[in-house]
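For the sequence shown, position 102 matches number 1476 in our numbering, and the numbering has no gaps at all.
Ideal Cβ placement from N, Cα and C applies to all residues, glycine included.
Here the structure is a predicted model, which means the values were calculated and not measured.
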Amino acid sequence: MKELTTYYTNKNILFKEIKQVTPKELDSRKKIDIYAATTIDSKFYAIFIVDSKSRFIRKNADDLMELCEKLSTYLDHNFKKKELLISSPLCSKAKEYLKQNDWSVRVDFM
């Protein structure tokens, strides 16, 4: 979590609260880190961190959006900002698909 706060502090985004949600709580078996965060100016972030060796493809993007919906119902909150922090190779179609659905994709995390 320290890397996450440092990363966002360097981008001039300060969180007053960060809560980690395990994929098991959302009935998922994926290897993904999930955070629900609130900034100082009350913007709500859903942050997903993917670190895998294989390429992130369009099917993974569908799974990620489904996971975000589960997170919204689990925490009973609709997130304003949805972010994917990724260190593995990213398919251009998956990136474009996420951007069309109001996601921001950051590949410079790790």
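Between residue 1475 and residue 1377, what straight-line distance do the alpha-carbon atoms span, to the nearest angstrom? 27 Å
What first and last residue would you give for the beta strand (DSSP E) that runs through residue 1480? 1477–1480
Counting Cβ pairs closer than 8 Å, one from the region 1453–1468 and one from the region 1414–1428, do we hit at least three? Cβ pair count under 8 Å is three or more, so yes.
Residue 1414 burial status per 10 Å Cβ neighbour count (16 or more: buried): exposed
Could you check if residue 1472 is buried or exposed, using at least 16 other CB atoms within 10 Å of its CB as the buried criterion? buried
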